[in-house]
Amino acid sequence: MKQILSLFIAMFALLIPHSCNVDVENSSQAMNVPEIVDKSFSKILERGKLIATTDYNSTNYFIYRGEPAGYEYEMLNAYAGYIGVDLELVVNNDFEEAQAELAAGKVDIIAMGLSINSDRTGLVDFTQPMWQTRQVLVQRKPENWRKMASMEKVSENLIRNPLDLAGKTIYIPRHSAYAQRLRNLQHEIGDSILIVEFPQTSERLIEMVANGEIDYTVSDEHVALVNQKYFPDIDVSTPVSFPQHVAWAVNKNSDSLKNNINQWINEFLNTKIARFIYNKYFVNPRSLQFAHKYYSVRSGKISNWDEAIKKNSKEINWDWRLVASLVYQESRFQPEAISWMGAFGLMQLMPGTAEIYGVDSLSAPEENIHAGVSYLNSIDERFKDIVEDPDQRKKFVLAAYNVGIAHVFDARRLAEKYGRDPNIWEDNVDFFLLNKSDPKYYNDSVVYYGYCRGEEPYKYVNDILYRYEHYLNVIED
Numbered sequence: 007m008k009q010i011l012s013l014f015i016a017m018f019a020l021l022i023p024h025s026c027n028v029d030v031e032n033s034s035q036a037m038n039v040p041e042i043v044d045k046s047f048s049k050i051l052e053r054g055k056l057i058a059t060t061d062y063n064s065t066n067y068f069i070y071r072g073e074p075a076g077y078e079y080e081m082l083n084a085y086a087g088y089i090g091v092d093l094e095l096v097v098n099n100d101f102e103e104a105q106a107e108l109a110a111g112k113v114d115i116i117a118m119g120l121s122i123n124s125d126r127t128g129l130v131d132f133t134q135p136m137w138q139t140r141q142v143l144v145q146r147k148p149e150n151w152r153k154m155a156s157m158e159k160v161s162e163n164l165i166r167n168p169l170d171l172a173g174k175t176i177y178i179p180r181h182s183a184y185a186q187r188l189r190n191l192q193h194e195i196g197d198s199i200l201i202v203e204f205p206q207t208s209e210r211l212i213e214m215v216a217n218g219e220i221d222y223t224v225s226d227e228h229v230a231l232v233n234q235k236y237f238p239d240i241d242v243s244t245p246v247s248f249p250q251h252v253a254w255a256v257n258k259n260s261d262s263l264k265n266n267i268n269q270w271i272n273e274f275l276n277t278k279i280a281r282f283i284y285n286k287y288f289v290n291p292r293s294l295q296f297a298h299k300y301y302s303v304r305s306g307k308i309s310n311w312d313e314a315i316k317k318n319s320k321e322i323n324w325d326w327r328l329v330a331s332l333v334y335q336e337s338r339f340q341p342e343a344i345s346w347m348g349a350f351g352l353m354q355l356m357p358g359t360a361e362i363y364g365v366d367s368l369s370a371p372e373e374n375i376h377a378g379v380s381y382l383n384s385i386d387e388r389f390k391d392i393v394e395d396p397d398q399r400k401k402f403v404l405a406a407y408n409v410g411i412a413h414v415f416d417a418r419r420l421a422e423k424y425g426r427d428p429n430i431w432e433d434n435v436d437f438f439l440l441n442k443s444d445p446k447y448y449n450d451s452v453v454y455y456g457y458c459r460g461e462e463p464y465k466y467v468n469d470i471l472y473r474y475e476h477y478l479n480v481i482e483d
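Anchor point for the sequence shown: position 70 equals 76 in the working numbering, and the numbering is continuous, going up by one each time.
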């Protein structure tokens, strides 16, 4: 018995080192495996900019009276402010293209009012839901619906049962979630539905239904209800899906970004500001009517003065949308605007400058635009041989239009003295113009024109260029 026990102990002793060696080896191998660190959120902070893709329509993103607007735009702006970064928008009306940009790291977030479904969850991660919607059939009411005795009579002439979609042709946007829902519906009703995926936005297809070009489309209910305010002849009361959550999308495994967004959503959605934003775009009918009246994508317009701005912008060889952004900055497109300093009209010309170009406060708005652009051109000529890069020169010209060319030349001399580039605006000349209210700079021997409240022209240039980027997003040349 003792011999057997001794043999057992000896065998056990031999096993212990072997087992330890295996554990150490496995542990060592584990330590050599690179740890995957999710930098999706820290990358945005380091960059100082959130890059998001959204679609342009009358709810998510559009230009309203010269300014960017829309539910997704305002929500993204609120989130960017929460994390302390700038916002850059990339416009895309195709989910597959947007998802490809997300996967390639070109954007951080897709904010397109996406409903969450199984197909999409295989491609992206969704944040906490922001609201709910459902898919509805968009169809045209009978031509004489206003003369019918009741809405019940109107409904008798419309599809209310999905079974009645058998054999019908339904147009939907390409790469939308509606295709899968309609295919599922075919199985549910046991009959065929002709599904046509069309390279148009949901809102354009709704307009085509309203105009009688097609009979049916499918849309998310919140978009359909907004458009019904603009097209009262359409009906959007027939659901074709159950309620679905709507959320933003981020790349797979972008947990740090998703978690931060979710924290913000949980806090922000309970605020008065969040409710105000939602009601402004999805509930308040007065807001909706104004939005459609000035909806830039439908009208293709920024203002009532687009044609005059386009015509006169050729004189200075600038993109007319940049000039339009300047006009908005000056007068909000109000031709009767007069400043406390006496500047007047769309281009807010001072009386002395206006006299040089042959206009006064009684001149037509088109004449005011012509005079203002001629003045811009004269400033551009002053800089042409100094600042050769045309994109840089535009910023110098904009600043000079606001504050006067003399202060801009002072800022250039300061930049040169302090080792900055006098021909580069950002982080060079703009710094010294911004700080020209500081005695250290306005008392400098290279400054000829003294004190300047530089914050105003500094912000002026940035605001015009920021708005111009939005005009480029949604207004065709």
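Virtual Cβ for every residue (Gly too), placed ideally from N, Cα, C.
query: PHE204 - DSSP class collapsed to helix/strand/coil; result: strand
query: Extent of the continuous beta strand (DSSP E) run through TYR67; result: Segment: none, TYR67 is in no beta strand (DSSP E) and carries neither H nor E.
query: Residues sharing a beta bridge with TRP254, DSSP; result: TRP254 is not bridged to any residue.
query: Three-state class that DSSP yields for TRP503 in the structure shown; result: This structure does not reach residue 503, given that the chain is present from 7 up to 483, and the question cannot be answered.
query: First through last residue of the alpha helix (DSSP H) which encompasses LEU420; result: 411-423
query: Counted within 10 angstroms of its Cβ, other Cβ atoms place GLN35 as buried (16 or more) or exposed; result: Reliability of the predicted coordinates at GLN35 is poor, the pLDDT of 46 falling under 50, and no value is obtained from them.
query: Where MET157 falls, given that 16 or more other Cβ within 10 Å makes a residue buried; result: exposed
query: Cut-off 6 Å between Cβ atoms - residues of its own chain near ALA417, not counting five sequence neighbours on either side; result: VAL435, PHE438 and LEU439
query: Neighbour-count burial assignment, ALA323, 16 or more Cβ in a 10 Å radius; result: Just to set this straight, residue 323 is Asn in the shown sequence, not Ala. Label assigned to ASN323: exposed.
query: Helix, strand or coil at ARG281 according to DSSP, with G and I counted as helix; result: helix
query: contact_flag[the stretch 457-470, the stretch 49-58] where n(CB pairs < 8 Å) is 3 or more; result: no
query: First through last residue of the alpha helix (DSSP H) which encompasses VAL242; result: Not the alpha helix (DSSP H): VAL242 falls in the beta strand (DSSP E), residues 240-245.
query: Whether ASN63 touches GLU78 by CB criterion (7 Å); result: no
query: Inter-stretch contact at 8 Å, needing at least 3 Cβ pairs: the stretch 406-416 / the stretch 438-452; result: yes
query: Test item: CB-CB of HIS228 and PRO135 under 7 Å; result: no
query: Local Cβ density within 10 Å of VAL215, reported as buried at 16 or more and exposed below that; result: buried
query: As assigned by DSSP and simplified to three states, the class of ARG399; result: helix
query: Assigned secondary structure, ILE165 (DSSP; H/G/I helix, E/B strand, else coil); result: coil
query: Own chain, CB closer than 6 Å to SER260, minus 5 neighbours either side, in chain order; result: SER46
query: Contact set for ALA185: own chain, Cβ-Cβ below 7 Å, skip 5 residues either direction; result: ILE178, ILE201 and GLU203
query: For ASP44 and GLY76, the rounded distance between their alpha carbons; result: 31 Å
query: Local conformation of MET81 per DSSP, three classes; result: helix
query: Beta-carbon proximity check, LEU120 vs ALA330, cutoff 7 Å; result: no
query: Rounded separation between LEU129 and ALA406 - CA only; result: 49 Å
query: Beta strand (DSSP E) segment containing VAL480, residue limits; result: It is not in any beta strand (DSSP E) - VAL480 instead sits in the alpha helix (DSSP H) that spans 461-480.
query: ASN479 beta carbon less than 7 Å from that of VAL91; result: no
query: PHE191, buried or exposed, once every other Cβ within 10 Å from all chains shown has been counted against 16; result: For the record, residue 191 in the displayed sequence is Leu; it is not Phe. When all chains shown are included, LEU191 counts as buried.
query: Those residues which DSSP pairs with ILE116 across a bridge; result: THR59 and ALA255
query: Three or more C-beta pairs below 8 Å linking the stretch 142-154 and the stretch 240-248; result: yes
query: Enclosing alpha helix (DSSP H) for VAL333 [first to last residue]; result: 326-337
query: Assigned secondary structure, PHE389 (DSSP; H/G/I helix, E/B strand, else coil); result: helix
query: Terminal residues of the beta strand (DSSP E) in which TRP270 lies; result: First-last for TRP270: 261-274, but that is the alpha helix (DSSP H), not the beta strand (DSSP E).
query: 7 Å CB neighbourhood of ILE271 in its chain, flanking five on each side removed; result: THR133, GLN134 and MET136
query: Where the beta strand (DSSP E) through VAL142 begins and ends; result: 141-146
query: Cβ pair SER247, ARG140 closer than 7 Å; result: yes
query: Whole-number beta carbon distance between TYR457 and SER443, since they are thought to touch under 8 Å; result: 6 Å
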